[in-house]
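K.L.:
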Amino acid sequence: MPVLRPTTTADAAFVADLYAATRATEVAAFGWDDATTAAFLRGQHAAREAAFAGSRDEVVEVEGLAVGRLVRGHEPGVVRVLDVAVHPDHQGRGTGTAVLRRVLTEAHASGDVVRLHVRATNVRAAALYARLGFVPVDADGSDAGEGADAAGTAAGPGTALDVLLEAPPVNRVATWSDWRAAVGADVAVEPPVTWTVRACSERRSSAGWATWDVTFRAPLGTDQQTVVLDLPGVGPQAVLAVPSRADADGTVLVATFVVPDETPDAAPADPTHPTTDGTPGDTAPDAGTEA
C-alpha cells in the first residue's frame with residue numbers, strides 16, 4: 001500500500017526527475033533538441049514549484065521507495081488535487097488509484113468536494129477519474145486557469161485545454177447494484193488500510209425483504225468488526241463484516257445486507273460476477289491498475 005509523507009528539501013532531485021519523466025513522451029513530440037527540452041522542463045518545473053508554495057505537498061512511497069507525488073490545496077468546502085503523479089517505472093500497479101481513493105475518503109469525511117484538472121487528450125486518466133466518481137463541471141476548458149496546469153505545465157506546442165472535474169461527497173445507502181458494480185475494487189477502511197470487494201451474491205427477495213452477501217478480502221488477522229467503507233461513486237457505508245476463512249493472502253470476511261424490498265433492484269444472474277458460494281475470494285477480478 002502506498003504511504004504519504006511530507007515532501008522535504010531532500011526530495012528536490014526526486015521531484016524534478018519525476019516531473020521530467022512524466023512529461024517525457026509529450027515533450028519528445030515537440031521535436032526539440034536535448035538542450036532545449038531540458039531548459040523547457042527546468043522552467044516549467046520551477047514555475048510549478050512556485051505555484052505549489054503553501055500547498056500540502058507529499059511524496060508517495062511504496063515499501064520505502066519514493067514513487068510519486070501528491071500536492072493538494074484547500075479552500076472552504078473544496079480540496080484541489082494540484083498534482084498527482086506516479087513515476088512511469090512504477091505505473092500500472094494501482095498506486096495512483098489508491099492515493100486518489102485516500103484523498104476522496106479524507107475530503108468526503110469533512111464534507112468537501114474534490115476537484116482536479118485532466119487534459120482532454122488524457123483518455124486513460126479521465127477514465128480512472130470517472131470510475132472514482134469525478135464528473136466534468138467545466139467541459140469547455142474555460143476554467144483551466146485553476147489547478148495543476150495553472151502552475152505552468154500547459155505551456156508548449158500542441159497542449160490541449162483542461163477539463164475541470166469534481167467528485168462531490170455522497171451520502172446514501174448503497175444498493176445491491178452498487179455493491180455488484182464494486183466487485184474487484186479496493187475500498188478504503190482507514191487510510192492506508194483497504195479491503196477488496198471480492199464478490200457480491202445474487203439478490204434474494206422473501207417476505208418483503210431483500211438480502212444479499214458481499215465478500216471482502218482484508219489484511220490477515222482482521223477480526224469481526226463494524227467498519228465504514230468508502231464505496232466508489234457512492235460514499236461511506238457502515239458494514240458489519242464477519243470472518244469466514246483466512247489464507248496466505250489475507251482474511252476473507254462476509255457482510256449480509258437486509259433491506260426492505262420496496263424498490264426491487266434485481267438483475268439477471270451475471271456469470272462474470274462470482275457469488276459467495278465456493279471460494280469467491282480467489283475468483284473475483286482484481287481492482288484496476290491504471291495508475
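In terms of full-length UniProt numbering, the sequence shown has 242 at position 242, counting the first letter as 1, and numbering is strictly consecutive. Glycine residues also receive a C-beta, built at the ideal position from the N, C-alpha and C atoms.
Helix or strand or just coil, what does DSSP make of Leu253?
P.N.:
Strand at Leu253.
K.L.:
Would Gly96 and Val84 be called neighbours here (beta carbons separated by less than 8 Å)?
P.N.:
Against a cut-off of 8 Å, the Cβ pair of Val84 and Gly96 comes out as a contact.
K.L.:
Which first and last residues belong to the beta strand (DSSP E) in which Arg56 is found?
P.N.:
Its beta strand (DSSP E) spans residues 56 to 62.
K.L.:
So, with DSSP's three-state summary, where would you put Pro88?
P.N.:
Helix at Pro88.
K.L.:
Does the separation of the CB atoms of Thr194 and Val183 fall below 8 Å?
P.N.:
No, these two residues do not count as a Cβ contact at 8 Å.
K.L.:
Considering only residues of the same chain and omitting the five flanking positions on each side of Arg204, which have a CB-CB separation below 8 Å?
P.N.:
Excluding sequence neighbours, Arg204 sits near Ala210, Thr211, Trp212.
K.L.:
Run the CB neighbour count on His108, radius 10 Å, all protein chains shown included, and call it buried at 16 or more, exposed below.
P.N.:
Burial call: buried.
K.L.:
Which class does Ser244 belong to by DSSP, given the choice of helix, strand or coil?
P.N.:
Here Ser244 sits in strand by DSSP.
K.L.:
Taking Val62 as the reference, which of Pro76, Pro168, Met1, Val81 has the closest Cα?
P.N.:
Minimum Cα distance to Val62 is reached at Met1.
K.L.:
Between Ser55, Gly133, Gly233, Pro88, which has its C-alpha nearest Ala20's C-alpha?
P.N.:
Closest by alpha carbon: Pro88.
K.L.:
How many angstroms separate the CA atom of Thr256 from the CA atom of Val214?
P.N.:
Those two C-alpha atoms are separated by around 6 Å.
K.L.:
Going by the DSSP bridge assignment, what does Trp212 pair with across the sheet?
P.N.:
In the DSSP output, where bridge partners are listed per residue, Trp212 has Phe257.
K.L.:
Is it buried or exposed, Asp112, if we count other Cβ atoms within 10 angstroms and call 16 or more buried?
P.N.:
Burial call: buried.
K.L.:
Does the beta-carbon of Arg42 have 16 or more other beta-carbons within 10 angstroms, so that it is buried, or is it exposed?
P.N.:
Answer is exposed; the Cβ neighbour count stays below 16.
K.L.:
Nearest CA to the CA of Val59: which residue from Thr226, Gly73, Leu18?
P.N.:
Comparing Cα-Cα distances from Val59 to each of Thr226, Gly73, Leu18, the minimum goes to Leu18.
K.L.:
Tell me which same chain residues have a C-beta within less than 7 Å of the C-beta of Thr159, skipping the five on either side of it?
P.N.:
Reliability fails at Thr159, whose pLDDT of 34 lies under 50, so the model's placement of it is uncertain and the value that follows must be treated cautiously. Answer for Thr159: no residue qualifies.
K.L.:
For the beta strand (DSSP E) holding Asp230, just list the boundary residues, first then last.
P.N.:
Here the beta strand (DSSP E) through Asp230 covers 225 to 231.
K.L.:
Classify Gln224 as buried or exposed, calling it buried when 16 or more other Cβ atoms lie within 10 Å of its own Cβ.
P.N.:
The residue in question, Gln224, is exposed, as its Cβ has fewer than 16 Cβ neighbours within 10 Å.
K.L.:
Using C-beta distances below 6 Å, list every residue in its chain close to Ala154, excluding the 5 sequence neighbours before and after it, in chain order.
P.N.:
For Ala154, the predicted structure reports a pLDDT of 30, less than 50, and the residue's modelled location is therefore unreliable. The matter cannot be settled from this model.
K.L.:
Under the rule that 16 or more other beta-carbon atoms within 10 Å means buried, what is Pro236, buried or exposed?
P.N.:
Buried, since its Cβ has 16 or more Cβ neighbours within 10 Å.
K.L.:
Nearest by alpha-carbon distance to Leu231: which of Ala24, Ala199, Val254, Thr105 is it?
P.N.:
Ranking Ala24, Ala199, Val254, Thr105 by Cα distance to Leu231 puts Thr105 first.
K.L.:
Just mark Arg119 as buried or exposed, buried being the case when its beta carbon has 16 or more other beta carbons within 10 Å.
P.N.:
It counts as buried.
K.L.:
Could you give the C-beta distance for Ala241 and Val228, rounded to a whole number, given that I count them as a contact under 8 Å?
P.N.:
Ala241 to Val228, Cβ: 11 Å. No contact.
K.L.:
Count the other C-beta atoms from every protein chain shown that fall within 10 angstroms of the C-beta of Arg180, then say buried if there are 16 or more, exposed otherwise.
P.N.:
Answer is buried; the Cβ neighbour count reaches 16.
K.L.:
To the nearest angstrom, how far is the alpha carbon of Leu116 from that of Val99?
P.N.:
C-alpha separation (whole angstroms): 14 Å.
K.L.:
Could you check if His74 is buried or exposed, using at least 16 other CB atoms within 10 Å of its CB as the buried criterion?
P.N.:
Exposed, since its Cβ has fewer than 16 Cβ neighbours within 10 Å.
K.L.:
Within 10 angstroms of the Cβ of Thr196, are there 16 or more other Cβ atoms? Answer buried if so, exposed if not.
P.N.:
Buried, by the Cβ-count rule.
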